[in-house]
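K.L.:
For the sequence shown, the working numbering gives the first residue as 1, with consecutive numbering after it.
In this text, a Cβ means the ideal position worked out from N, Cα and C, and glycines have one as well.
Note that the structure is a prediction, hence the values are computed from the model and not measured.
Sharing a structure below in structure tokens format, with a few things to ask.
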Amino acid sequence: MLTLSLARRVFLSLLCLSLPVAVWAGDINQQIEEYGKKVDAEILKNPQIPGNVHTRRMLQEIRRSLRQGNYDNALQILTQASYDLSPDQQADWQRFANELTASIEKEQANREESIQKDANALIADTRKACLEAKSSADLDSLFIRCAAMQGERNAQSNALNQRVADKITGCATTLDAWAKYLDLRDAGDARRANDTLKRLANNNSGFPVLKIDEIDARYMPVPSEEMNPSLVFFTLAAGVKTPEELPALKQKTLDYMAIPKNQPATEFLEMEIKRIDGLLKVQDLIAKKDYPNAFKAILRWNSSGRSETMNFYDPIREQLQEVTFAKVMSQWTKLQKAEDEIDMAFIDRVLAELSAKGEYAQVLEVLNVSEMLQRMRPDNYSGTGNPSGEKAAIEKFLAAQRFEEAGDYLSAITNYRLVVAAKGPNVPTDKAKDALKILIEKYPELAKNQDGFLLQEMQSLRQEIRMIMGRLAPGRPFPN
1 MLTLSLARRV FLSLLCLSLP VAVWAGDINQ QIEEYGKKVD AEILKNPQIP GNVHTRRMLQ
61 EIRRSLRQGN YDNALQILTQ ASYDLSPDQQ ADWQRFANEL TASIEKEQAN REESIQKDAN
121 ALIADTRKAC LEAKSSADLD SLFIRCAAMQ GERNAQSNAL NQRVADKITG CATTLDAWAK
181 YLDLRDAGDA RRANDTLKRL ANNNSGFPVL KIDEIDARYM PVPSEEMNPS LVFFTLAAGV
241 KTPEELPALK QKTLDYMAIP KNQPATEFLE MEIKRIDGLL KVQDLIAKKD YPNAFKAILR
301 WNSSGRSETM NFYDPIREQL QEVTFAKVMS QWTKLQKAED EIDMAFIDRV LAELSAKGEY
361 AQVLEVLNVS EMLQRMRPDN YSGTGNPSGE KAAIEKFLAA QRFEEAGDYL SAITNYRLVV
421 AAKGPNVPTD KAKDALKILI EKYPELAKNQ DGFLLQEMQS LRQEIRMIMG RLAPGRPFPN
């Protein structure tokens with residue numbers, strides 16, 4: 001039976017303590033003690049003065065906050081404590097508060113810097129110890145050190161302290177998982193040892209102390225009949241990071257499935273083969289330079305749901321989506337996407353450029369891309385616009401221009417009016433207003449023809465209904 005070492009029991013016990021204990025500088029303690037003695041003397045001398053009792057209570061609260069590492073609360077008490085004091089007491093307290101505030105702020109800065117350095121050192125030492133450990137006993141000193149830091153960290157909530165907490169949590173999680181892995185490995189339980197490594201690799205709690213490659217390298221060979229199907233796939237896919245490696249992974253998986261004793265994992269692996277084939281299809285379209293269909297294919301890939309193996313596929317899918325997105329957008333712009341720029345932000349820049357040039361046919365194409373991203377990858381869509389609504393308005397604007405060129409001014413006026421009523425940053429509202437004004441000045445009788453206007457609105461509504469039903473291509477004039 002596996003047992004916890006003494007050091008690990010101490011570690012787990014310390015993690016259960018909810019109140020961190022801080023040790024503050026001696027000068028702060030001395031300042032509080034000296035002022036406390038002064039207050040106690042005043043209480044003995046004048047017990048009827050309530051301000052002295054109030055001051056002693058505030059000193060106790062300050063001590064408690066400092067013990068918990070909550071410097072901000074201690075400073076707040078110093079600021080508020082003088083409200084119930086007499087003028088003479090307030091002046092004396094203010095002098096004390098100014099001196100103690102300076103000492104606390106200095107100690108706070110020193111302690112935060114020290115804890116940050118200690119956390120970084122803990123990460124480096126934890127990583128080194130895990131990779132070099134021969135058994136879980138080799139990690140005992142790190143368990144105790146990690147638990148001690150867990151108790152000492154600052155109780156205040158700010159970005160720096162949260163970062164330190166994440167680092168300490170990451171070390172605690174890694175140490176606990178790695179020790180279990182070593183124990184299971186030494187006990188010969190390869191399946192559970194690998195499951196422990198898998199959980200560590202997929203854990204999102206705290207700072208990532210170990211690299212995925214370092215975890216993957218420790219997977220143990222497991223008899224096929226004992227393997228979890230997903231673990232079979234992770235073992236086959238270990239080290240695969242790019243789309244170019246997928247053909248070899250597919251063949252490796254097929255070879256594995258061809259062995260009779262591996263039949264229990266076949267059904268699961270067949271689904272993974274389908275996923276790999278979907279990504280290979282995208283690569284084939286890219287090779288043929290069919291970038292629009294490649295982009296559609298990568299957006300639609302596995303859009304019906306997720307599985308426990310998706311963490312493996314996501315980085316590869318993102319690589320293919322990045323390539324196809326860049327190629328598709330290059331049809332309409334020479335702008336380059338910034339390194340950390342999200343797709344929708346780049347699309348907004350391209351739309352602004354094309355709208356400024358009046359290239360609304362291209363705006364329509366880019367809005368199609370935006371709409372696909374919004375529909376197929378809603379988890380990655382952060383835009384607030386309405387691609388569908390803007391598309392409809394731009395289609396009416398382009399139709400109005402065609403009607404005007406063909407001499408159908410009533411239809412042109414009707415469609416320009418609909419564009420003017422539409423909203424959206426990429427809708428050519430001003431251009432529609434200008435064109436409408438010119439037509440109304442030339443053909444005022446058409447502008448007054450309400451029956452014709454209503455007829456065109458009805459035709460436009462019927463066209464939209466048929467477009468939704470997929471019976472009419474977008475932008476095609478509705479037949480009279």
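From V168 to N386, what distance separates their C-alpha atoms?
P.N.:
Residue 168 is actually Ile in this sequence, not Val. Whole-angstrom Cα-Cα distance: 44 Å.
K.L.:
Kindly indicate which three-state DSSP category K38 falls into: helix, strand or coil?
P.N.:
helix
K.L.:
By DSSP, does W301 sit in helix, in strand, or in coil?
P.N.:
DSSP, reduced to helix, strand and coil, places W301 outside both helices and strands of the structure shown, so it counts as coil.
K.L.:
I'd like to check one pair, I32 with I77: are the Cβ atoms closer than 8 Å?
P.N.:
With contacts defined by Cβ atoms closer than 8 Å, I77 and I32 do not form a contacting pair.
K.L.:
Decide yes or no for the touch test of the stretch 290–300 against the stretch 203–218: beta carbon pairs closer than 8 Å, at least 3 of them.
P.N.:
no
K.L.:
Are at least three pairs of beta-carbons, each pair with one atom in the stretch 331–343 and one in the stretch 352–360, less than 8 Å apart?
P.N.:
yes
K.L.:
If you compare alpha carbons, which of K38, P425, C171 and D186 is closest to L200?
P.N.:
C171
K.L.:
Shortest alpha-carbon distance to Y409 belongs to which of S136, E267 and L436?
P.N.:
L436
K.L.:
Less than 7 Å between C-beta atoms, sequence neighbours within five positions excluded: which residues of the same chain meet that for D138?
P.N.:
Excluding positions up to five away in sequence, the list reads A129.
K.L.:
For the alpha helix (DSSP H) containing V482, list its first residue and its last residue.
P.N.:
A query on residue 482 cannot be resolved here, the shown segment of the chain reaching from 1 to 480 and no further.
K.L.:
Name the two residues that bound the continuous alpha helix (DSSP H) containing K281.
P.N.:
T266 to A287
K.L.:
Out of V232, N203, P208 and R57, point me to the one whose CA is closest to R191's CA.
P.N.:
V232
K.L.:
Pick helix, strand or coil for A137, following the three-state DSSP scheme.
P.N.:
helix
K.L.:
Assign R218 to one of three DSSP states: helix, strand, or coil.
P.N.:
coil
K.L.:
Give me, in chain order, the residues of the same chain whose beta-carbon lies closer than 8 Å to that of I123; leave out the 5 immediate sequence neighbours on both sides.
P.N.:
K167, G170, C171, F207 and V209
K.L.:
Note down, in chain order, each residue of its chain lying with its Cβ closer than 6 Å to the Cβ of N73, except the 5 sequence neighbours on either side.
P.N.:
So the list reads S65, once near-sequence residues are dropped.
K.L.:
Considering only the beta carbon of each residue, do G358 and A393 sit closer than 8 Å?
P.N.:
No Cβ-Cβ contact shorter than 8 Å links G358 with A393.
K.L.:
Mind checking which residues open and close the alpha helix (DSSP H) that includes K334?
P.N.:
Premise fails: K334 is in no alpha helix (DSSP H) and is neither H nor E.
K.L.:
Please classify S370: does DSSP put it in a helix, a strand, or coil?
P.N.:
Helix at S370.
K.L.:
Rounded C-beta distance between K274 and A297? I'm assuming under 8 Å.
P.N.:
About 14 Å separates the beta carbons of K274 and A297, which is beyond the 8 Å limit, so they are not a contact pair.
K.L.:
Just to confirm my understanding: we take E365, look at its own chain, exclude 5 residues before and 5 after, and list those with CB closer than 8 Å. What are they?
P.N.:
Q331 and W332
K.L.:
Is G239 helix, strand or coil when you go by DSSP?
P.N.:
coil
K.L.:
Could you tell me the distance, in whole angstroms, from the CA atom of T235 to the CA atom of D314?
P.N.:
17 Å
K.L.:
Let me check understanding here. Comparing Cα to Cα, which of Q362, A432, Q150 and N426 lies closest to R417?
P.N.:
Of Q362, A432, Q150 and N426, the residue nearest in Cα terms is A432.
K.L.:
Looking at the secondary structure, which residues open and close the alpha helix (DSSP H) in which Q94 lies?
P.N.:
P87 to E132
K.L.:
Since Y416 is in the alpha helix (DSSP H), which residue starts that stretch and which ends it?
P.N.:
Y409 to A421
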